[in-house]
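Encoded as structure tokens, the structure appears first; notes follow it.
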Amino acid sequence: IPTAPNPTTGWYSVVPETAVRDLDMTVEDAFRTIISAGIVSPDDRENPVNRSFASLLAQLRPSSVPAPPKA
261 IPTAPNPTTG WYSVVPETAV RDLDMTVEDA FRTIISAGIV SPDDRENPVN RSFASLLAQL
321 RPSSVPAPPK A
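If you read the sequence shown in the numbering used here, its first letter stands for residue 261, the second for the next number, and so on.
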């Protein structure tokens, strides 16, 4: 998984095939998104939206990682 703004760095992740989603995105759009740290994305050109923090928070899913035990 490349990191922004330098796509030559990053980390490797092994995930189940069922967790992988193909994107309808060109290589150029993918690099534009990575290098801009997500500020510029293909969706911005088609559907410019100012999302509020509350609307972004509503899209979060609970973590599948169990919480650490309380001390």
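For glycine and all other residues, C-beta sits at the position ideal for the given N, C-alpha and C.
Beta-carbon gap between T293 and V287 smaller than 8 angstroms: no
Give the straight-line distance between the Cα atoms of P265 and W271, rounded to the nearest whole angstrom. 14 angstroms
Which partner residues does G298 have in the DSSP bridge list? Paired residues: none, contrary to the question.
Nearest-angstrom Cα separation, counted from A318 out to S273: 26 angstroms
Starting from A314, trace the alpha helix (DSSP H) in both directions and tell me its first and last residue. F313 to A318
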